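To start, the structure under review is shown below, and the notes come after it.
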Amino acid sequence: MTGPILRTMDLRKSFGELEVLKGIDLTVEPGERIAIIGGSGSGKSTLLRCLNFMELPTAGRVELDGALIGQVQTARDGTERITYAERALTQVRRRVGMVFQQFNLFPHMTVLQNTMEGLITVDRMPRQQARERAMAELARVGLAEKLGAYPSQLSGGQQQRVAIARALAMQPEVLLFDEPTSSLDPELVGEVLRTIHTLAEEGRTMLLVTHELGFAYRFATRVLYLYDGLVHEEGTAEQIFRAPQREKTRAFIERSS
Ligand code: ADP
Ligand code: MG
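Taking my numbering, the leading residue of the sequence shown gets 4, the next gets one more, and so forth.
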């Protein structure tokens, strides 16, 4: 029996006085593709960032493959605090890959170097092996011809596909996409969505924050509508897009379509 790959329980995140995530309970089964939708500022990016610990949650639990990330310390009054060891977090970030809206490539490195970098510095993989892995992933996203190019020589769509290859090279168990097409010119959106669609067909476990509701409808096995730091409504794409039950969800879908 295999359990969920990723699980959060009452996940919370505050920045100073501002509580951005107010208790997220999320269970992700292997092979699920979850689209996360919601208005600007609802906490979508913060949620993804907490799932791979680029941001440390302020409270709650995150489990990866059944294992609690972080150590629980219980104070005398019964309150729990979770502390994180940097080494464990490096492991998690490796197992949970992320693709950003702004591709975040290193400008001074070629396409191939960008894709190899994590394998060499995080995984300590021998150079030759890292090169072969990176070349295979770049071929997968259709960039075998661009190994020696620098990011500035590529279109936005190509840069984003490099970022996807770079994430894939680490062979993550879960892939997170934070609005991967939002900074692209309209004519470049399609090639990136097609790449993501190919990954979906391979059965990968993915969470995708997107404003492309048409794509989310085709892509997602489940849709979460985030509102004010909480999952306001969730269901299948059919349920959320065609028959939302709650007023705020309905208004959002109407506004965004
Ligand atoms: P979304 O991705 O849904 O637009 P975000 O998760 O980026 O929303 O942001 C949710 C809220 O958290 C916003 O009010 C934002 O200003 C705030 N926020 C996000 N990151 C930080 C940060 N590093 N410091 C302070 N406030 C932040
Ligand atoms: Mg965001």
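We treat Cβ as the ideally placed atom computed from N, Cα and C, and that holds for glycine.
As the structure is a computational prediction, the values presented were derived from the model and not from experiment.
Residue i CB to nearest heavy atom of the ligand MG below 6 Å
i, result
"Lys251", "no"
"Ser259", "no"
"Ser185", "no"
"Ser48", "yes"
Counted within 10 angstroms of its Cβ, other Cβ atoms place residue i as buried (16 or more) or exposed
i, result
"Pro129", "exposed"
"Asp188", "exposed"
"Asn107", "exposed"
"Pro2", "Any answer about residue 2 is impossible in this case: the structure gives the chain only from 4 up to 260."
"Leu21", "exposed"
"Arg79", "exposed"
"Ser43", "exposed"
"Glu140", "buried"
"Phe218", "buried"
"Glu182", "buried"
"Arg84", "exposed"
"Phe18", "exposed"
"Glu215", "buried"
"Thr208", "buried"
Distance cut-off 6 Å: residue i Cβ against heavy atoms of the ligand ADP
i, result
"Ser17", "no"
"Lys25", "no"
"Gly63", "no"
"Ser43", "yes"
Separation of residue j from residue i, as counted between CA atoms
i, j, result
"Asp28", "Arg134", "39 Å"
"Gln104", "Val75", "33 Å"
"Ala203", "Met173", "17 Å"
"Ala91", "Glu257", "42 Å"
"Glu241", "Tyr220", "7 Å"
"Ile167", "Gln161", "10 Å"
"Glu237", "Phe109", "37 Å"
"Thr5", "Glu120", "32 Å"
"Gly81", "Gly34", "37 Å"
"Phe244", "Tyr228", "10 Å"
"Phe56", "Ile199", "23 Å"
"Thr118", "Ala137", "5 Å"
"Arg164", "Tyr230", "30 Å"
"Thr113", "Leu51", "27 Å"
"Phe222", "His111", "34 Å"
"Leu54", "Arg64", "10 Å"
"Asp13", "Thr93", "23 Å"
"Ala254", "Gly69", "36 Å"
Residues bridged to residue i (per DSSP)
i, result
"Ser17", "Glu22"
"Gly41", "Leu229"
"Arg64", "Met12"
"Thr234", "It should be noted that the sequence gives Val, not Thr, for residue 234. Val234 is bridged to Leu229."
"Val99", "Val177"
"Val31", "Leu9"
"Gln74", "Thr86"
"Thr208", "Val177"
"Arg36", "Met209"
Contact with chain D by residue i, beta-carbon distance below 7 Å
i, result
"Phe222", "Of the protein chains in this structure there is only one, and it is not chain D."
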